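Structure first, then comments.
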Amino acid sequence: MKTNPKTVGMYSSRDNTEAKCLFIFKSGPLPYDRHNPEAQKQLVADTFGSENGWETQRLLQAMKAAEDFYFDEICQVHMPAWSKGRVALVGDAAYGPSPLSGQGSSLALVGAYVLAGELKLAQGDYTRAFAAYEREMRAFVEKNQKIGQSAAEGMVASSSFKIILQNWMLRVPFLMNAMFQMISKMIAKAANGIELKGYGET
Ligand SMILES: Cc1cc2nc3c(=O)[nH]c(=O)nc-3n(C[C@H](O)[C@H](O)[C@H](O)COP(=O)(O)OP(=O)(O)OC[C@H]3O[C@@H](n4cnc5c(N)ncnc54)[C@H](O)[C@@H]3O)c2cc1C
C-alpha cells in the first residue's frame, strides 16, 4: 500500500553531548518564505500535527522553542559540466550530494584539492586542468551521490511494507547492527573511492 512518506528521528551529535531531531517528509514543490523560520516551523507542525506515534508530539513542542531550527529541501545538484570558459564550480554548486549523504564537505574538500592540483599540473592551461578535474572526480562524485539517494529512499519509505520491515529491523538489535554495518561499509567504500594524486607537493 502506498503511504504519505514521513519520518521522525533523533540522533546524537558532538560526542553525545547534543540530541538532534529531524522531521523528513516527501511533498511536491512547497512555496515557503526562506526568511521566516516561524512559518517554516508551522509548516512542519501542520505536516506532522496529526501523528501521535512515538515521541512525535513532544518533539514538535520542542521544535517550537528551538533556536537552532533549520528547514530546507533535500536535493542534489547534477550538472552536465562543471566548467565553462574560465569558470569552474567546486563543491555543492557543482555536485551537492544532499545532507542525507553526509558526504558534502568531503566532496567539496577533495574537489578543491583536485582542481588546485590539476591547475598546477597544467601550468596555467585551465581548459586542460578543468577537463582533468572532471575526469578525476566524476565517478567519485556519482558514488557519493548514490548514498544520498539511497538514504532518501530509506528514510522516507513510500510503502507500508517497507515501513513495517524497517521498524521491525530497528527493534531487533542483531538486524539493526547488521544493517548499520552494511551501510557503514557502503559509505566507507564511496568515501574512499578516489586515489588522490600528490601533485608534486614538496
Ligand atoms: C543540515 C545539513 C547537514 C549537513 N551534514 C553534513 C555532514 O554530516 N557531513 C558532510 O560532509 N556534509 C554535510 N552537509 C553538507 C555540507 O555542509 C556541504 O556539502 C558543504 O558545506 C559544501 O561546501 P561548499 O564549500 O561547496 O559550499 P558552502 O559550504 O555552502 O559554501 C558556500 C559559501 O559561499 C557563500 N556565498 C554564496 N553566495 C555567494 C555570493 N554571491 N558571493 C559570495 N559568497 C557567496 C556562502 O555564504 C557560503 O559561505 C550538511 C548540510 C546541511 C545543510
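Numbering (our numbering), first residue to last: 10 to 211. Just so it is clear, CB atoms sit at the ideal spot from N, CA and C, and this is done for glycine as well. Note that the coordinates shown come from a computational prediction; the quantities given were computed from them, not determined experimentally.
- A heavy atom of ligand 1 is found nearer than 7 Å to the CB of residue 108.
- In terms of side-chain proximity, the C-beta atom of residue 24 is found no nearer than 7 Å to any non-hydrogen atom of ligand 1.
- Secondary structure note for residue 52: its alpha helix (DSSP H) is the uninterrupted segment 46-57.
- For residue 33, the enclosing beta strand (DSSP E) begins and ends at 27-34.
- Between the stretch 84-104 and the stretch 174-193, the count of Cβ pairs shorter than 8 Å is below three; the stretches do not touch.
- The Cβ atoms of residue 65 and residue 17 lie closer than 8 Å to each other.
- Burial check for residue 153: the Cβ neighbour count within 10 Å reaches 16 or more, so the residue is buried.
- With a cut-off of 8 Å on Cβ pairs, the stretch 100-118 is in contact with the stretch 151-167, counting three or more such pairs.
- Less than 8 Å divides the Cβ of residue 128 from the Cβ of residue 135.
- If you draw a straight line from the Cα of residue 145 to the Cα of residue 184, it is about 37 Å long.
- DSSP places residue 88 outside any beta strand (DSSP E), giving it a letter other than H or E.
- Here the C-alpha atom of residue 24 lies approximately 43 Å from the C-alpha atom of residue 131.
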